[in-house]
Amino acid sequence: MILERLVDEDVWRRQLRTLTDEHERSAAAPARRPGTEHQRRRLAQGLGTALADLPCEAARTVARPLPGGPATWDDLAARAMFECPRD
Numbered sequence: 005m006i007l008e009r010l011v012d013e014d015v016w017r018r019q020l021r022t023l024t025d026e027h028e029r030s031a032a033a034p035a036r037r038p039g040t041e042h043q044r045r046r047l048a049q050g051l052g053t054a055l056a057d058l059p060c061e062a063a064r065t066v067a068r069p070l071p072g073g074p075a076t077w078d079d080l081a082a083r084a085m086f087e088c089p090r091d
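As structure tokens, then:
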């Protein structure tokens, strides 16, 4: 798992909202007509592709070395494993 923050989450959320609103408008017409399951499925696939293509560039995160270096890290890790032995 990688935890990253988005470069500009507000822009990303606006794009997401726009795509979702456009999909809902496009999907409303075929939903009222019988026999349009294929068209609705293609619209949903298109939305999925568009959402997957939204930019998800990671912003820089600041990390600082643990005071005490590797020995301190090993000590903390050993204590954590003792608290959660199944991990």
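When you number the sequence shown by my numbering, it's gap-free, plus one each residue, and the end is 91. Glycine is no exception: its CB is placed at the ideal position from the N, C-alpha and C atoms. Note that the structure is a prediction, hence the values are computed from the model and not measured.
Beta-carbon within less than 8 Å of residue 76's beta-carbon, same chain only, minus the 5 sequence neighbours each way: which residues are those?
70
Through-space distance from residue 78 to residue 84, alpha-carbon basis:
10 Å
The alpha helix (DSSP H) that contains residue 50, what's its start and end?
41-56
Under the three-state reduction of DSSP, which class applies to residue 67: helix, strand or coil?
coil
Buried/exposed call for residue 47, threshold 16 Cβ in 10 Å
buried
Considering only C-alpha positions, which residue in the set 37, 13 and 30 is nearest to residue 50?
30
From residue 40 to residue 26, what distance separates their C-alpha atoms?
18 Å
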